[in-house]
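Here's the structure we're looking at; comments come further down.
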Amino acid sequence: MLESLKIVGTQVFILFILIMLGFFGGKKKLMTKEGVRCINDIMLYFVTPCVIINAFQREYDSTMLHNLLLSILAALISHVICYIAGFLFIHDKEEAAKRTKRFAIAYSNCGFMALPLLDALLGSEGVFYGAGYLCVFNILVWSYGQYTIGKGKEGFEIKKAFLNPGVIASVIGFIFFITSFELPLLIIEPIKYLAALNTPVPMLIIGYTISSFALKEQLRIKGEIVSISLRLIVCPMALLGILYLMGIRGTLLVASIVSASAPVAAISTMFSIKYDGDVRLASKMVAVSSLFSIITMTLIVGFTRYIA
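See the structure below:
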């Protein structure tokens with residue numbers, strides 16, 4: 036158990052150092068809001084798709100296909116748990132705050148936070164299963180997620196649920212995998228170079244987000260403690276229990292829990308801006324949950340590795 040915690044803690048602490056560099060960059064004005072927004076778009080449209088496609092560049096294996104389908108099932112179960120938790124425990128009188136909190140509980144940072152940790156802990160196989168989780172996340176966040184935070188049909192764009200970088204890359208990668216198609220060197224090498232940015236750059240972005248709040252305000256989380264606890268502890272542990280009872284073990288179990296235990300997705304802030312949600316609350320929850328996840332992910336993922 037202690038060895039598992041040490042391994043996970045070491046990797047999380049490495050990511051924490053990168054987050055602190057982003058925090059320093061934000062405080063010293065070395066990073067700007069517009070600059071971070073541009074970098075975020077680069078991550079969304081270039082880096083993350085390259086990470087997914089690179090993870091699928093492997094010879095077809097029926098066992099891995101079976102596990103990939105199980106990772107998709109795990110992702111669906113995870114989101115259903117979060118949806119139920121949000122409806123059961125979040126009843127703010129202010130509509131914007133209620134929608135924002137429910138959204139924050141449902142959608143984890145399974146791309147920017149989870150994929151780098153999966154790569155560090157489990158290598159390309161972990162990223163492979165993480166891509167399955169990410170595909171489900173993208174479909175749901177661009178459909179039901181928009182519906183939730185957009186107060187109904189005005190936030191629902193079904194086309195974006197399937198025509199977004201994460202899902203498109205997953206489909207392309209899946210086709211490559213089942214056909215054992217290998218990209219030529221001139222194509223795969225640039226993809227690998229871009230994929231390598233997935234560890235440091237998202238951490239810098241998270242650090243910058245945290246730097247935008249005063250420390251006192253970050254620690255004033257009485258109104259958000261339930262939402263953050265559900266996102267970081269309750270929902271991941273519930274998923275762990277269900278998957279364990281289903282007999283899922285090993286790399287697949289760890290990969291699913293890493294994705295499910297990640298902090299609030301950064302896209303919650305972007306959607307809040309677009310659909311008149313509580314932008315300040317969304318930003319705060321991203322920042323605070325990212326800080327606390329350094330502890331919670333270490334403990335939960337370490338425990339998962341121990342029992343897996």
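Numbering (this note's numbering), first residue to last: 36 to 343.
Every residue, glycine too, gets a C-beta built ideally from N, C-alpha and C.
Only a predicted model underlies this, so the values are computations on that prediction, with no experimental measurement involved.
Pop quiz: residue i and residue j are said to be a contact at Cβ under 8 Å. What is the actual Cβ separation, rounded to whole angstroms?
i           : j           : result
residue 103 : residue 163 : 7 Å
residue 43  : residue 336 : 5 Å
residue 317 : residue 304 : 5 Å
residue 321 : residue 299 : 5 Å
residue 124 : residue 261 : 6 Å
residue 131 : residue 312 : 5 Å
residue 112 : residue 283 : About 10 Å; that fails the 8 Å criterion.
If you check the beta carbons only, do residue i and residue j fall under 8 Å apart?
i           : j           : result
residue 324 : residue 265 : no
residue 152 : residue 47  : yes
residue 302 : residue 205 : no
residue 121 : residue 166 : no
residue 297 : residue 144 : yes
residue 233 : residue 150 : yes
residue 85  : residue 280 : no
residue 225 : residue 147 : no
residue 200 : residue 80  : yes
residue 333 : residue 105 : no
Spatial neighbours of residue i within its chain, please: C-beta separation below 8 Å, excluding the five flanking residues on both sides.
i           : result
residue 243 : 57, 58, 60, 61, 66, 71
residue 285 : 343
residue 107 : 167, 168, 170, 171
residue 127 : 133, 136
Which residues in the same chain as residue i place their Cβ atom closer than 6 Å to its Cβ, once the five residues preceding and following it in sequence are excluded?
i           : result
residue 110 : 168, 171
residue 155 : 46
residue 221 : none
residue 159 : 90
Between residue i and the rest of its own chain, which residues show a CB-CB distance below 7 Å, the 5 nearest in sequence each way excluded?
i           : result
residue 235 : 53
residue 263 : 256, 320, 323, 324, 327
residue 195 : 177
residue 339 : 275, 288, 289, 292
residue 173 : 199, 201, 202
residue 269 : 120
Three CB pairs or more closer than 8 Å across the stretch 228 to 243 and the stretch 48 to 55: yes
Complete beta strand (DSSP E) runs within the stretch 36 to 106 (minimum length 3 residues, chain order): none
Complete alpha helix (DSSP H) runs within the stretch 151 to 221 (minimum length 4 residues, chain order): 181 to 184, 193 to 197, 200 to 214
Touch test, the stretch 270 to 290 against the stretch 112 to 120, Cβ-Cβ under 8 Å, three pairs minimum: yes
Length-filtered (4 minimum) alpha helix (DSSP H) runs lying within the stretch 264 to 334: 270 to 280, 285 to 295, 302 to 309
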